[in-house]
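Single-structure report; data block below.
Number of protein chains: 4
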Amino acid sequence: MRIGLLTGGGDCPGLNAAIRAVVKHALGEYGHTVIGFRNGWKGVASGDLQPMSRDDIRGVLDSGGTLLGTARFHPHRQEGGLEAVHATLEAERIEALICIGGDGTLHAASKVAESGVKVVAIPKTIDNDVAGTDRSIGFETAVHIATEAIDRIHTTAESHNRVMVIELMGREAGWIAVQAGIAGGAEVVLTPEQPFDIDRITAYLRHRHRAHANFSIVVVAEGAVPAANTSMEWQTKYGDFGEIVAGAVGEKVAAEIATRTGFDTRVTVLGHVQRGGTPLPSDRILGSRFGVAAVDAISTGHSEVMTALHGEDVVLVPLAEVAGKSKPVPQDLIRVASALA
Amino acid sequence: MRIGLLTGGGDCPGLNAAIRAVVKHALGEYGHTVIGFRNGWKGVASGDLQPMSRDDIRGVLDSGGTLLGTARFHPHRQEGGLEAVHATLEAERIEALICIGGDGTLHAASKVAESGVKVVAIPKTIDNDVAGTDRSIGFETAVHIATEAIDRIHTTAESHNRVMVIELMGREAGWIAVQAGIAGGAEVVLTPEQPFDIDRITAYLRHRHRAHANFSIVVVAEGAVPAANTSMEWQTKYGDFGEIVAGAVGEKVAAEIATRTGFDTRVTVLGHVQRGGTPLPSDRILGSRFGVAAVDAISTGHSEVMTALHGEDVVLVPLAEVAGKSKPVPQDLIRVASALA
Amino acid sequence: MRIGLLTGGGDCPGLNAAIRAVVKHALGEYGHTVIGFRNGWKGVASGDLQPMSRDDIRGVLDSGGTLLGTARFHPHRQEGGLEAVHATLEAERIEALICIGGDGTLHAASKVAESGVKVVAIPKTIDNDVAGTDRSIGFETAVHIATEAIDRIHTTAESHNRVMVIELMGREAGWIAVQAGIAGGAEVVLTPEQPFDIDRITAYLRHRHRAHANFSIVVVAEGAVPAANTSMEWQTKYGDFGEIVAGAVGEKVAAEIATRTGFDTRVTVLGHVQRGGTPLPSDRILGSRFGVAAVDAISTGHSEVMTALHGEDVVLVPLAEVAGKSKPVPQDLIRVASALA
Amino acid sequence: MRIGLLTGGGDCPGLNAAIRAVVKHALGEYGHTVIGFRNGWKGVASGDLQPMSRDDIRGVLDSGGTLLGTARFHPHRQEGGLEAVHATLEAERIEALICIGGDGTLHAASKVAESGVKVVAIPKTIDNDVAGTDRSIGFETAVHIATEAIDRIHTTAESHNRVMVIELMGREAGWIAVQAGIAGGAEVVLTPEQPFDIDRITAYLRHRHRAHANFSIVVVAEGAVPAANTSMEWQTKYGDFGEIVAGAVGEKVAAEIATRTGFDTRVTVLGHVQRGGTPLPSDRILGSRFGVAAVDAISTGHSEVMTALHGEDVVLVPLAEVAGKSKPVPQDLIRVASALA
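Protein chains in written order, with the working numbering: chain A, 176 to 516; chain B, 176 to 516; chain C, 176 to 516; chain D, 176 to 516.
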């Protein structure tokens, strides 16, 4: 069987573990041929590819990023994109495609499957908001990096009696913010799921600093938005939150806290470091398991499915059930974050 | 409500997160009193205790070990042990007990509950073999430390063309060995679940070194045992495997590999470092969630239950269903380990 | 002898190791009394202090920040500042003062010494620009954190074919930028010591991406400035570089690269995480050695000296020789950075 | 110019940084040809070599081990060894040789230089005992790994009220033990430089545990030996310390402490993990600087010299002054270790 393989969307740690697993298992267990497409769907559309051998995946298990490269390119949103993809798949006689990616890639995968090529998706996103799976590749490493940053900022906050605001990734969902907030012992965690009330936040910080502490950590997901009752005032001051740019929310929240409380307040925008570097074991393992499961799925006739983690098990879920959906942070977790603040 | 709190069995990373969560949530949400017992059940039996305040848990979230201390003491296995425990609980008017521990602690908890004190258990063990929960506190950090060690040994194996044997913890179950083996890209993983055949192992290593590699990593759980067909010979040479001591298996396996293959072979016994140090975010979060859930459980009238992770949810399972049972590594994971070797 | 102890200026990893060494050695070897002042010179001026016992320094060796707190307060720059300092020192019968700090603290120390109190300084600054010593406390940990960030960003740069600009601390000197740049394999390193020519940089990047690479890492110290021939144009576009604010240089450089080359370019401003967290062993050791040496110096009659690292030895240098001076990155190191780009 | 390049002796982190620097600088700055010999002197003797291009050194800066491989092979100690080396060097028209290694390699380099080939050595050893340089490649990373292990063991020691003995590398000199001991806050540090008195150690531990602590960390270099007054008894019990094998000293010291004090005592032998894994920035920088300096030295006519770190400068020292010598830990450092115990 000739299997195509690609990684799409933003890079993250654990992609190489999945690529390695697909290649090792497809070649070793089934004798398939694996064709790697470079730079995601862009490489499928343009025919930029390489046959994958065991040599290509040597020593990649503990490396971040993706050896295949990636790009934010979605064939179904480009004029002629899907046609170009189909042309390449046909020319290369690709019978099945394993697509490692986030929501955009899942959507593209559904579209491509309509043409008859078998498609199995593997979910990856540091934001952890792909529906239908407990976890996606890259999330736990991102939480680790974010928590490490909070730990570091903690010592400065305490030594200087400061409020430290740290903005983390998470445009649609606050998974990284909530988990790193719990793990780092943040006093306040702001997420896209729960519009925040700046008055309540500053009241809480004033109370805390009066009562028993001289510093605070405020974690802000990049997609956090102010609640309706305060958003008017914010819009006047800072413009429309619909056009949030990196760093914007964190800086605004810090500015408001500083102005309203008079506390020495600083902001850090963690940025791209959250997607890089050596993957945690849990992401290497998840990538490895998903890679093996995807090859097994394709080899046993499955299509239009996504590998998923359900508890301790790796299962297959229909793409139709998950593409286009999102997975918000559950109330339970948000409650733990605020109970321990 | 007066709640007793203890940590029993071996220490591990994430215990302080659980202690912190219990104290913060019990005091902040419910106004309970929390009495901490020192050194596990030993402290209950001897009345060694301290009321816990918010000051006691400041700054502990990212620290390893347990601030309450622990000991390998089981009241139900000591003459008069349970009586002493009950005497203290009565004298201190303890209405409920939160016990953080492994299988021994769960068992003791069941016994103590017979007297009428409410009991909620929180599972912790780096070995991950507590039944009824996807994960126990401490496991993921142990896997991380073990994987880091394999990563380090990898570079020496390659640079010197060696077979490196590394012995990891896991007396009854091979969870650390299998997960660190997958994450570290080990060629061979030996677990208590699957008796090993030294002939097959050495044949595989010879084949590998002839075909395409000049080094190998062999991961051995401390409870790994030889298969029946080879055990006779091993018994003659090394004595009864029933009396395995730390380091024994790794050294024997390394000696056999060296003798049979002639490859330069070295052994490392990772030992106590696997239970220590800064907890990973996932163990801090699990400890925090379990701590909050245990307090909620007790406050709403539950008893003889254990907090457990099922997929993304924290749930309560009856102690009777899990105490005395063990959770072996599933075949699925073992298969991934060998598929990617 | 009654010794005062303070930490001044920005916090950094390794301060607690120095504090611990001063207290342990002063109490254990000489039987001195140690009075800790809170929040740097501010605490001396206001009489905010605590006698230090062995209990106060338990468990702090591997923690970041300073348990004494710090503040950016310089008594010699405040009206009545020095007088308040002297009043406290006299009231508390302080015979000698150990000041851990950067250039501002060294300067204040010189002024205070004029009154007759013995003064020994210990140099700390993540910027490493204190003159007279090979290294200051905090520098190596900051380089480690910065390098780790570059390593992480590297995988994203490669996976997405991007130019990644990373702004690091270093207002007066580019020590962190140069060392992290060498360690992280950066293609371009911009420092305050060498005004940069944006034309040369973009020409080099274009050449590199044409010839053999599809990504680049550009490290920018926050105090980097454009060379005279281009600064005019920059001033028109971005305003005066004399008023650089955090993030400004990195963002400007990234904007210019993106505009001139058309490459996908992103910027990360690492910020406060560079000063925090667990100190590297080398900073714990340096702090410990400086602390012991400072106590020895005071106990043997020295004053107006700074502990310093010269090669493998800890020595004393006169404050007069180092206060007010700065230590730029040597050409040798800058040459290595560019030779390996 | 045709330059040969090899890494000899045990592997360590930072070797690849040195190899990369030699290749990049020799090719980029001077247009030399670089021939890499595989597996140290063994590859020179047998003619196992590869011309080095920029492709060979891509992505290796942050990797441990040596991409050239290494072996514990010394041509001057083998019958016909030097002749074979000379034959290869002549056949390959090698004009100069850059040898990265420890004392054995320095010695071999001196011998090879007698034949007229220019030789420049680069010192590496995790033991840090090469004379003539402040630091050798690999040392700081080894100290980091060892300190991390002590940090981890610390939490178990405290939680279980134990004496934890940890054996670290260092057969001839106790550099790792002393520096990791200071950084990890060990109570006792045993080195080859100072024969130890087990009576004094156990008396100290008993005193400490009576007075104010319930746990202790004892660091033992693998080459530590008992003092004359106790060695007789030890010899009777454990045999000749002249034949120390890995793990032996640590286990014996732990056994004696347990017997004499009755404290719960455990031993960990850290072993091979100390030589592996991602190099710290300081080792990447040292390797990079030494690599550039070695190429400069050869290109400007130097021979029979070693690159060395003196304070902040990289200098050249004559091989004759350093080969065969060793660098013990200075009393100053040992004093700091015991002052802070």
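Think of the CB as a built atom: it goes at the ideal place given N, C-alpha and C, for glycine as much as any other residue. Note that the coordinates shown come from a computational prediction; the quantities given were computed from them, not determined experimentally.
Contact set between S463(A) and chain B, taken where Cβ atoms lie within less than 7 Å: Position 288 of the first sequence holds residue 463(A). Those within 7 Å of S463(A) in chain B are I357, V511, L515.
Less than 9 Å between the C-beta atoms of G466(A) and A192(A), yes or no? Position 291 of the first sequence holds residue 466(A). Position 17 of the first sequence holds residue 192(A). Yes, Cβ-Cβ distance for G466(A) and A192(A) is below 9 Å.
Can you name the start and end residues of the beta strand (DSSP E) that D488(A) belongs to? Here residue 488(A) is taken as the residue at index 313 of the first sequence, counted from 1. Following the DSSP letters along the chain, one finds D488(A) inside the beta strand (DSSP E) bounded by residues 488 to 493.
Output yes if chain B places a C-beta closer than 9 Å to the C-beta of L180(D); else output no. What you label residue 180(D) is simply residue 5 of the fourth sequence in a count that begins at 1. With 9 Å as the cut-off, L180(D) does not count as an interface residue toward chain B.
In the DSSP output, what is K293(D) paired with across the bridge? To locate residue 293(D), count along the fourth sequence from 1; it is residue 118. Partner(s): A271(D).
By the three-class DSSP mapping on this structure, what secondary structure does R441(A) have? By one-based count along the first sequence, residue 441(A) stands at place 266. Of the three classes helix, strand and coil, the one that applies to R441(A) here is strand, per DSSP.
Within 10 angstroms of the Cβ of I447(A), are there 16 or more other Cβ atoms? Answer buried if so, exposed if not. The count along the first sequence starts at 1 and reaches residue 447(A) at position 272. Here residue 447(A) is His; the residue named in the question, Ile, does not match the sequence. Buried.
Just list the beta strand (DSSP E) runs in the segment 183 to 214 of chain D, keeping only unbroken ones of 3 residues or longer that don't cross its boundaries, in chain order. You should have 208 to 212.
Mind checking whether D223(B) and R337(B) have CB atoms under 9 Å apart? For this step, residue 223(B) is matched to residue 48 along the second sequence. For this step, residue 337(B) is matched to residue 162 along the second sequence. Not closer than 9 Å, so no.
Supposed close pair P505(A), E487(B) - CB separation, criterion 8 Å: If you number the first sequence from 1, residue 505(A) lands on position 330. If you number the second sequence from 1, residue 487(B) lands on position 312. P505(A) to E487(B), Cβ: 7 Å. Contact.
Take the Cβ of D458(C) as the centre, count every other Cβ of all protein chains shown within 10 Å, and call the residue buried at 16 or more, exposed below. The count along the third sequence starts at 1 and reaches residue 458(C) at position 283. The residue is buried, with at least 16 neighbouring Cβ atoms inside 10 Å.
Are the C-beta of K199(A) and some C-beta of chain B separated by less than 9 Å? Start at 1 with the first residue of the first sequence, and residue 199(A) comes out as number 24. By the rule that beta-carbons nearer than 9 Å mark a contact, K199(A) touches chain B.
For L181(B), which of K217(B), G203(B), E204(B) has the nearest alpha-carbon? By 1-based counting over the second sequence, the position of residue 181(B) is 6. The candidate whose alpha carbon is nearest that of L181(B) is K217(B).
Own chain, CB closer than 8 Å to G162(D), minus 5 neighbours either side, in chain order: As shown, chain D starts at 176 and ends at 516. That puts residue 162(D) outside it, with no answer to give.
Counting only beta-carbon atoms, is L343(C) nearer than 9 Å to chain E? The chain inventory of the structure shown lacks chain E, comprising the protein chains A, B, C and D.
If you run the structure through DSSP and keep just helix, strand and coil, what is G276(B)? Counted from its first residue, the second sequence places residue 276(B) at position 101. Of the three classes helix, strand and coil, the one that applies to G276(B) here is strand, per DSSP.
Buried or exposed (CB count within 10 angstroms, at least 16 for buried), G356(B): Residue numbering aside, residue 356(B) sits at position 181 when the second sequence is read from its first letter. Buried: at least 16 other Cβ atoms inside 10 Å.
Helix or strand or just coil, what does DSSP make of S238(A)? For the purposes of this step, residue 238(A) is identified with residue 63 of the first sequence, where counting begins at 1. Looking at S238(A) - three-state DSSP - the assignment turns out to be coil, as it is neither helix nor strand.
Listed by chain order, chain A residues near P505(B) by CB distance under 9 Å: Working through the second sequence from its first residue, we reach residue 505(B) at position 330. Within chain A, the residues E487, D488 have their CB atoms less than 9 Å from the CB of P505(B), given in chain order.
Pair within 9 Å by beta-carbon distance, I232(C) and I275(C): For the purposes of this step, residue 232(C) is taken as the residue at position 57 of the third sequence. For the purposes of this step, residue 275(C) is taken as the residue at position 100 of the third sequence. Going by C-beta atoms, I232(C) is not nearer than 9 Å to I275(C).
Quick check on G425(B): does DSSP put it in helix, strand or coil? As a working mapping, residue 425(B) is identified with position 250 in the second sequence. In the displayed model, G425(B) falls within a helix according to three-state DSSP.
Please confirm if L190(A) has its CB atom under 9 Å from at least one CB of chain C. Within the first sequence, residue 190(A) is the residue found at index 15, counting from 1. L190(A) counts as touching chain C.
Could you tell me which whole beta strand (DSSP E) segments of length 3 or greater appear in the segment 370 to 396 of chain A? Fully contained in the segment 370 to 396 of chain A are the following beta strand (DSSP E) runs of length 3 or more, in chain order: 391 to 396.
Would E418(A) be called buried (16 or more neighbouring beta carbons within 10 Å of its own) or exposed? For the purposes of this step, residue 418(A) is taken as the residue at position 243 of the first sequence. At E418(A), the pLDDT of 44 sits below 50, so the modelled position is not reliable; the number obtained from the coordinates is stated separately. Taking a 10 Å sphere around the C-beta of E418(A), we find fewer than 16 other C-beta atoms and assign the residue as exposed.
Would L236(B) pass as an interface residue toward chain A - the criterion being a Cβ-Cβ separation below 9 Å? Numbered from 1 along the second sequence, position 61 holds the residue referred to as residue 236(B). Cβ-Cβ to chain A under 9 Å: yes for L236(B).
Just to confirm before moving on: does the CB-CB distance between E479(A) and A306(A) stay below 9 Å? As a working mapping, residue 479(A) is identified with position 304 in the first sequence. As a working mapping, residue 306(A) is identified with position 131 in the first sequence. Taking 9 Å as the Cβ cut-off, E479(A) and A306(A) do not qualify as a contacting pair.
Name the chain C residues whose beta carbon is nearer than 9 Å to that of S457(D)? On the fourth sequence, position 282 is the one that residue 457(D) refers to. Taking a Cβ-Cβ threshold of 9 Å, the residues of chain C close to S457(D) are E315, V318, H319, Q354, A358, L455, S457, in chain order.
For a contact meaning CB atoms closer than 9 Å, what does M227(C) contact in chain A? Locating residue 227(C) in the third sequence gives position 52, counting from the first residue. In chain order: nothing, as chain A lies at least about 17 Å away.
Alpha-carbon to alpha-carbon, V394(C) and L508(A): Residue 508(A) sits at position 333 when you count from the first residue of the first sequence. Residue 394(C) sits at position 219 when you count from the first residue of the third sequence. L508(A) and V394(C): Cα-Cα distance of roughly 38 Å.
Please name the residue, chosen from T280(A), T308(A), H319(A), V260(A), that lies closest to R292(A) on a Cα-to-Cα basis. Counted from its first residue, the first sequence places residue 292(A) at position 117. Here the sequence assigns Val to residue 292(A), which means Arg is not the residue at that position. Answer by Cα proximity: V260(A).
With distance defined between alpha-carbon atoms, name the residue in D230(D), Q253(D), P456(D) nearest to G360(C). As a first step, residue 360(C) must be located in the third sequence, where it is residue number 185. Checked all of D230(D), Q253(D), P456(D); the closest Cα to G360(C) is P456(D).
Excluding the 5 residues flanking K286(B) on each side, which residues of the same chain have their C-beta closer than 8 Å to its C-beta? The residue given as residue 286(B) occupies position 111 in the second sequence. Excluding residues within five positions, the ones whose Cβ falls inside 8 Å are P250, H251, L257.
How many angstroms separate the CA atom of T330(C) from the CA atom of V295(C)? As a position in the third sequence, residue 330(C) is number 155, starting the count at 1. As a position in the third sequence, residue 295(C) is number 120, starting the count at 1. Distance between the alpha carbons of T330(C) and V295(C): 45 Å.
Residues of chain D with a CB under 7 Å from the CB of A196(C): which are they? Numbered from 1 along the third sequence, position 21 holds the residue referred to as residue 196(C). Correct list: L515.
Would you call the CB atoms of E333(A) and G240(C) closer than 9 Å? Stepping through the first sequence from its first residue, residue 333(A) is reached at position 158. Stepping through the third sequence from its first residue, residue 240(C) is reached at position 65. In contact: E333(A) and G240(C) (Cβ atoms closer than 9 Å).
Please list, in chain order, the chain B residues whose beta carbon lies closer than 7 Å to that of V395(D). Locating residue 395(D) in the fourth sequence gives position 220, where the first residue counts as 1. In chain order: nothing, as chain B lies at least about 14 Å away.
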